[in-house]
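Note sheet for the following structure.
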Amino acid sequence: MERYSRQILVDKFGKKGQELLKKKSALVVGIGGTGGLISQLLVRAGLGTVYINDYDYVSISNIHRQLLYDENDIGKKKVEVAAKKLAEMNSETRVIPLEGHLTSNVLEDYVKRVDIVMDGTDNFETRFLLNDVCVKHGKPWIYSGVLATYGNVMPIIPKKTACLRCLMRDLPEKYETTNTRGILNSIPSAIASMAVSLAFRILLGENVESAIYYYDGWELRIEKIPLKRQEDCPACSLGRYDFL
Ligand SMILES: [Zn+2]
Numbered sequence: 188m189e190r191y192s193r194q195i196l197v198d199k200f201g202k203k204g205q206e207l208l209k210k211k212s213a214l215v216v217g218i219g220g221t222g223g224l225i226s227q228l229l230v231r232a233g234l235g236t237v238y239i240n241d242y243d244y245v246s247i248s249n250i251h252r253q254l255l256y257d258e259n260d261i262g263k264k265k266v267e268v269a270a271k272k273l274a275e276m277n278s279e280t281r282v283i284p285l286e287g288h289l290t291s292n293v294l295e296d297y298v299k300r301v302d303i304v305m306d307g308t309d310n311f312e313t314r315f316l317l318n319d320v321c322v323k324h325g326k327p328w329i330y331s332g333v334l335a336t337y338g339n340v341m342p343i344i345p346k347k348t349a350c351l352r353c354l355m356r357d358l359p360e361k362y363e364t365t366n367t368r369g370i371l372n373s374i375p376s377a378i379a380s381m382a383v384s385l386a387f388r389i390l391l392g393e394n395v396e397s398a399i400y401y402y403d404g405w406e407l408r409i410e411k412i413p414l415k416r417q418e419d420c421p422a423c424s425l426g427r428y429d430f431l
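As structure tokens, this is what we get:
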């Protein structure tokens, strides 16, 4: 417990919170800038099990913001590098690498096993699939998105808070990504920290509000925008999983 002593001292956490965390598991889908830091924070905090998934290889353009990787890792598989480094950070947490694109069936299988799903992806196709799988299985997940100088975080507790399709009915036809608009390296770190704070609250059994958080990392401003569940939401109200 010496390892977690500074975390246990936090009154919202305590020894009870720490012991609870040890029994919990998470799946992090995408371990780039945001997902890589989410994985680190969860592993260092002492979750029991952290599954990490990515299909990508480390490239030179990742290094400025993806804190899990350094120059020696260029060309290597992200999950392999990440699994090794995360294991060195905390040998008490089981780190399980899942390589490649997860098909719906495989994703469902892993989502069923974990307590929370963390979004480290950079595309809405995967997020809409994550939303369907998590709503279907009643699993909390946290949407995280970053672009240029800002980001968003949204905790989704099926049937309790608005889900992604309450917010966005359909997959956007066109949207910007960090490949087109870029990203400052201070943004994924901030968004990952916000997502992990929400994950702690959910894993420790605290209520979270139905809201999306907008972070402006240039002006330094956080806005909390309350969201209502939609009665005609195809996913969380009507139980139609169009992306599965
Ligand atoms: Zn919904």
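Just so it is clear: in the sequence shown, position 60 is 247 by our numbering, and no numbers are missing. From the three backbone atoms N, C-alpha and C, an ideal C-beta is built for every residue, glycine too. Here the structure is a predicted model, which means the values were calculated and not measured.
Delimiting residues of the beta strand (DSSP E) encompassing residue i
i, result
"G426", "Note, G426: premise wrong, no beta strand (DSSP E); not H, not E."
"V383", "Here V383 belongs to no beta strand (DSSP E); instead the alpha helix (DSSP H) covers S373 to L390."
"D403", "A398 to D403"
"K411", "R408 to P413"
Cross-strand partners of residue i (DSSP beta bridge)
i, result
"W328", "V304 and I343"
"V293", "Paired residue(s): none; V293 is not in a bridge."
"D241", "E286"
"L214", "Y238 and V304"
"A335", "I370"
"R416", "R416 pairs with nothing; no bridge assigned."
"R252", "According to DSSP, R252 bridges with nothing at all."
"R281", "T236"
Pick from the options that is closest to residue i, judged by C-alpha positions
i, options, result
"L255", "A232, L224, L229 and L294", "L224"
"R368", "A349, Y362, A335 and E396", "A335"
"F430", "I399, R352, L414 and E393", "R352"
"M381", "L354, I370, N339 and I343", "N339"
"G404", "L371, Y244 and K415", "L371"
"L214", "D306, T290, S278 and E410", "D306"
"S248", "E189, S212, D260 and Y242", "D260"
"E312", "Y297, L289, Q205 and K326", "L289"
"T365", "N394, I343, M341 and V333", "V333"
"V293", "E258, N240, I250 and I409", "N240"
"I283", "R408, W328 and G235", "G235"
"N310", "I250, S331, F200 and L354", "S331"
"R416", "I343, D198 and F200", "I343"
CB contact flag (residue i, residue j, <7 Å)
i, j, result
"V237", "L228", "no"
"Y428", "K346", "no"
"A349", "S384", "no"
"M188", "R231", "no"
"M341", "I399", "yes"
"Y297", "G233", "no"
"G287", "Y242", "yes"
"Y401", "E410", "yes"
Short CB-CB distance (under 7 Å) between residue i and chain C
i, result
"L234", "In the displayed structure, chain C is absent; only one protein chain is listed."
The alpha helix (DSSP H) enclosing residue i, as first and last residue numbers
i, result
"A274", "K265 to M276"
"R368", "T365 to R368"
"I225", "G220 to A232"
"Q194", "S192 to I195"
"V320", "F311 to K323"
"L208", "G201 to K209"
"L358", "Looking at the DSSP string, L358 is not in any alpha helix (DSSP H), and its letter there is neither H nor E."
**Message:** Any contact between the region 259-278 and the region 389-398? By contact I mean 3 or more CB pairs, one from each, below 8 Å.
**Reply:** no
**Message:** Closer than 8 Å is the cut-off here; do at least three beta carbon pairs connect the region 375-384 with the region 354-364?
**Reply:** no
**Request:** Say whether the region 317-335 touches the region 410-424, bearing in mind that this needs 3 or more beta-carbon pairs closer than 8 Å, one atom from each stretch.
**Result:** yes
**Prompt:** Do the region 251-265 and the region 212-222 make contact, defined as three or more Cβ pairs closer than 8 Å?
**Reply:** yes
**Item:** Given 8 Å, three or more beta-carbon pairs between the region 204-213 and the region 292-307
**Value:** yes
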